[in-house]
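When the letters of the sequence shown are read in order and numbered with this note's numbering, they come out as residues 1010 to 1389. Every residue gets a Cβ at the ideal spot worked out from N, C-alpha and C, and that includes glycine. Written out below as structure tokens is the structure these notes cover.
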Amino acid sequence: MCAKGKSVTMSFHLLAKARKLTAFSCLLSRAFSHRPSFGIAFDIDGVVLLGNSPVGGSPGALRKLYAADGTLKIPYVFLTNGGGYPEAKRAFELSQLLGINVSPSQVLQGHSPFKQLVKRFGNDLIVAVGKGEPAAVMSEYGFKYVLSIDEYASCFENIDPLAPYKKWTTKLCAAQNAKFNDSVPRNDVFSERVQAAFVVSDPVDWSRDIQVLCDILTTGGLPGRNVGPQPNIYFANDDLEYQTKFPSERLGLGAFRIALESIFNRIHSHSLEYTCFGKPHPSVFKNAEIVLQKLVGSLYGDFYDIDHDNASKFETVYMIGDNPAVDIKGAQQTGHPWFSILTRTGVFKGKENHDKFSADLVVDTVEEAVDYILEKESAS
Ligand SMILES: [Mg+2]
């Protein structure tokens, strides 16, 4: 949870409501002779993938969770703080990279909880920030009046004084975006206040995004105008660092949040108010339990009984992660039935366990973790 931000107060009740059976449910094999008593949550970056390359024997490890005919045998989800693309697109990409059949319902991203805020901001002007397709993510969640920060900034002449020195041009991209004019008339940005900013994924152009967000946040949502009450700002996660193919960790969304907050607090009389989602918040883990139960419940036709309060009928849910302060801390804070497994393919590279957030088990790779789980569960 963020030091100065509000805690995530929204429950995941909406996500727990009964939903239609998905096509995926029929893929879940009737391989269980009894209801499975365990599920698995995989972090992605540093555990399953490094950049776009599989790591730690992940394709082989994940295939062990499927029957020979390709139907799912063991309930699992991807529980990542990353994002930037709609869940369906990410599921397709993971399927391609890992050679398995991943359902969109198995992909829980840092920004997935943003969909809970549709009731509040669904018809308001909002700005979506980050790499990938942040506006498409929010549109898919049901927000009707959304602009990416590229599109929004392109409406304001001279809002970024460094733009002439940048070798890329977001203005051109925004102008070519056919959806731009359809979703939000250009003139609206000069009269409609931005009600909320959503940092969906890692921002690409930090200097422009910090400038424009400070403009939005200090003026009450109308850059260049008078000071007004701070609009809401939400971050998909608060990860300070994450692992890519580069040998040392890279600065993440949490680093961007610190930069924005520090600058905002120097130029504005009030401290920045914000909300962070993502691991290690226990609500994220509780929601993963519900989704895992739905995977199992859909097979047995009883998932309509699942709700937030009695979601977990699992004896064990395994969290396989590479970041002690995110994956392991989150599983520990959530408590039963979570069992944390720390891999050495990402942020954590120590020989022994982590000092502060010690995992229940430390292994080298995700494949080792899956082998441990399958052996333990088949023996029980
Ligand atoms: Mg990770």
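In the three-state reduction of the DSSP assignment, Tyr-1094 falls in the coil class. Annotation: the continuous alpha helix (DSSP H) that includes Ala-1144 extends over 1143 to 1150. Around the beta carbon of Arg-1099, 16 or more other beta carbons sit within 10 angstroms, so the residue counts as buried. The DSSP-derived three-state label of Leu-1301 is helix. Around the Cβ of Ser-1112, a 10 Å sphere holds 16 or more other Cβ atoms; the residue is buried. Set against 7 angstroms, the gap from the CB of Tyr-1327 to the closest heavy atom of ligand 1 is not smaller.
Here DSSP, grouped into helix, strand and coil, assigns Asp-1169 to coil. Apart from the 5 residues on each side of it in sequence, Ser-1157 sits with its Cβ closer than 7 angstroms to the Cβ of Ala-1137, Pro-1143 and Ala-1144 in its chain, given in chain order.
Between the C-alpha atoms of Val-1208 and Tyr-1243 there is a straight-line separation of about 6 angstroms. At a cut-off of 7 angstroms, the beta-carbon of Tyr-1251 counts as near ligand 1: some heavy atom of the ligand is closer than that. By alpha-carbon distance to Ile-1225, the top candidate from Leu-1262, Asp-1211 and Asn-1241 is Asn-1241. As computed with DSSP, Ile-1350 is found in a beta bridge with Ile-1329 and Leu-1370.
Val-1326 and Gln-1302 have their C-alpha atoms spaced approximately 10 angstroms apart. Under the DSSP assignment, Val-1335 falls outside any alpha helix (DSSP H); it carries neither an H nor an E label.
Judged by the Cβ position, Gly-1093 fails to qualify as a neighbour of ligand 1 at the 7 angstroms threshold, every heavy atom of the ligand being at least this far. Beta-bridge analysis with DSSP links Ile-1135 to Val-1155 and Ala-1205. Residue burial annotation: Ala-1097 is exposed, with fewer than 16 other C-beta atoms found within 10 angstroms of its C-beta. Assigned with DSSP and collapsed to three states, Ala-1050 falls in strand. The three-state reading of DSSP puts Gly-1237 in strand, counting E and B together.
At a cut-off of 7 angstroms, the beta-carbon of Asn-1332 counts as near ligand 1: some heavy atom of the ligand is closer than that. When the beta-carbon positions are compared, Gly-1065 and Val-1056 come within less than 8 angstroms of each other. Between Gly-1048 and Phe-1348, the alpha-carbon positions lie close to 10 angstroms from each other. Ranked by how close their Cα comes to the Cα of Tyr-1085, the residues Phe-1294, Ala-1268, Thr-1284 and Asn-1196 have Phe-1294 in first place. From the listed residues Phe-1357, Thr-1284, Val-1203 and Tyr-1161, the smallest Cα separation to Glu-1250 is found for Phe-1357. Residue pairing for Val-1116: DSSP places it in a beta bridge opposite Phe-1087.
The continuous stretches of alpha helix (DSSP H) do not include Cys-1164, and DSSP gives it neither H nor E. Distances between the C-beta of Val-1146 and the heavy atoms of ligand 1 are all 7 angstroms or more. Straight-line spacing of the CA atoms in Lys-1360 and Asp-1369 works out to 15 angstroms.
Taking the Cα of Pro-1238 as reference, the smallest distance to any Cα among Leu-1262, Glu-1258 and Ala-1205 is reached at Ala-1205. One Cα belongs to Leu-1222, the other to Lys-1385, and the distance between them is close to 49 angstroms. Looking at Tyr-1154, Arg-1353, Asp-1078 and Tyr-1161, the one whose alpha-carbon comes closest to that of Gln-1220 is Tyr-1161.
Leaving aside the five residues that flank Val-1127 on each side, the residues in its chain whose CB is nearer than 7 angstroms to its CB run, in chain order, Tyr-1150, Gly-1151 and Phe-1152.
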